[in-house]
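Note sheet for the following structure.
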Amino acid sequence: MIIVLGITLFLLCYLLLKQSETKYADCIISSKRLKFNNIFFILLCLGPLLGVFLDARYAIISCLYLPVFVSIAYMDFISHIIPDRFHLIGFLVVVFHLWFNKTGSNEILFNLLVGGSFIGIVYFVTWIAEKKTKKELLGGGDIKLLLWLTPILGGTLAVFFLFGLTLALLHVMVLSKSWGQFKKIYYPLGPYLCLSILINLVYQVQS
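Letter by letter, the sequence shown follows residues 0 to 206 of numbering that gives the first Met the number 0.
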C-alpha cells in the first residue's frame, strides 16, 4: 500500500510542481531552475524506488515524505516561495503516518504543546529581529512547514530546526566573501529544514 501511495504522491507532486512553476513564473530565478531541475527530478523519483527495498517504517519516509520535501525544497530554492498545496499534502502525510503508527492522542497532544510552544518562541524572536533589521529572516512557508510536522516530531523539532538553520548559515558563509556580503545574501531556509527533518525522521525510526 505504501508503495502505491508513494507512486501516486510522486505523480501528484510532479504535476503540482509544473503548475507551480507556471503560477509563480514571475518569482522564479531561471538560472537556478535550469541548474537544478534535473537534480530535483531525480530526487523526486528516488522516493518510490527506494521504498521497494525498504521495510514499512523507512518506506513511509522515502515514499511519502521525500517527494513532499523535495517539492518544497525545489520551489523554495528557485522562487523563495513554498506553495500551500505542498503544505496540505504534507499535513495529510503526517495524518497517515500517525494512523499507521497507531500514535496515541496523548502523545499527539504533547507533541503539539511542546512543538507549538517552540514555534511560537521562534516566530516571536524572528518577528522582533525582522523589525530591527527590516529584512525577512523566516518566511511564512517555513513556519507552516514546522507547524504540520509538529504532531509527529514534537520537541525534537527544536533540535533539528537549529541544525537546519546552522546548515543554511554555513552555506551562506561559504558563499560570502565579506561580512557585508554575508548580511545581504538571502538564501531559502526550506531546503535545509527539509534535509534536517528527514534526518530527524530516520533517527526516530532507529531509536
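Glycine included, each C-beta is placed from N, C-alpha and C at the ideal position.
Residue i versus residue j: straight-line alpha-carbon distance, rounded
{"i": "G194", "j": "G103", "result": "A small fix is needed here, since residue 194 is Leu in this sequence, not Gly. L194 and G103: Cα-Cα distance of roughly 27 Å."}
{"i": "H79", "j": "L108", "result": "32 Å"}
{"i": "Y13", "j": "G115", "result": "31 Å"}
{"i": "L91", "j": "I142", "result": "17 Å"}
{"i": "M0", "j": "I59", "result": "10 Å"}
{"i": "I88", "j": "I120", "result": "26 Å"}
{"i": "F99", "j": "V173", "result": "41 Å"}
{"i": "R56", "j": "K130", "result": "43 Å"}
{"i": "T149", "j": "Q205", "result": "19 Å"}
{"i": "G138", "j": "K101", "result": "33 Å"}
{"i": "I118", "j": "W147", "result": "11 Å"}
{"i": "V158", "j": "I196", "result": "10 Å"}
{"i": "V171", "j": "D83", "result": "26 Å"}
{"i": "K17", "j": "F162", "result": "30 Å"}
{"i": "Q203", "j": "L97", "result": "13 Å"}
{"i": "N110", "j": "L15", "result": "30 Å"}
Candidates the options, of which the one nearest residue i by Cα
{"i": "D75", "options": "I2, H170 and E20", "result": "E20"}
{"i": "L168", "options": "P190, K131 and L156", "result": "P190"}
{"i": "V69", "options": "Q205, Q203, L192 and V201", "result": "L192"}
{"i": "N199", "options": "I151, I120 and L188", "result": "I151"}
{"i": "L166", "options": "V201, V3 and P187", "result": "P187"}
{"i": "T125", "options": "V3, W147 and L164", "result": "L164"}
{"i": "V201", "options": "L146, L65 and I81", "result": "L65"}
{"i": "G154", "options": "L15, Y57, L97 and E106", "result": "E106"}
{"i": "I268", "options": "L148, S61, G138 and Y57", "result": "It is not possible to answer for residue 268, since the shown part of the chain is limited to 0 through 206."}
{"i": "I2", "options": "K22, D54, K17 and W147", "result": "D54"}
{"i": "L145", "options": "H170, I81, K17 and L16", "result": "I81"}
{"i": "I77", "options": "D83, Y23 and Q18", "result": "Y23"}
Where residue i falls, given that 16 or more other Cβ within 10 Å makes a residue buried
{"i": "A128", "result": "exposed"}
{"i": "F160", "result": "buried"}
{"i": "L112", "result": "exposed"}
{"i": "A72", "result": "buried"}
{"i": "F123", "result": "exposed"}
{"i": "I41", "result": "exposed"}
{"i": "V93", "result": "buried"}
{"i": "G140", "result": "buried"}
Presumed contact (8 Å Cβ cut-off) between residue i and residue j, rounded CB distance
{"i": "C218", "j": "F9", "result": "There is simply no residue 218 to check, as the chain begins at 0 and stops at 206 in what is shown."}
{"i": "F85", "j": "V67", "result": "6 Å"}
{"i": "L4", "j": "L63", "result": "6 Å"}
C-beta neighbour in chain C for residue i, strict 8 Å
{"i": "I1", "result": "Among the protein chains of the structure shown there is no chain C, as only one such chain exists."}
Checklist line | Continuous alpha helix (DSSP H) assignments of at least 4 residues falling wholly in the segment 101-171 | finding: 104-132 and 139-152
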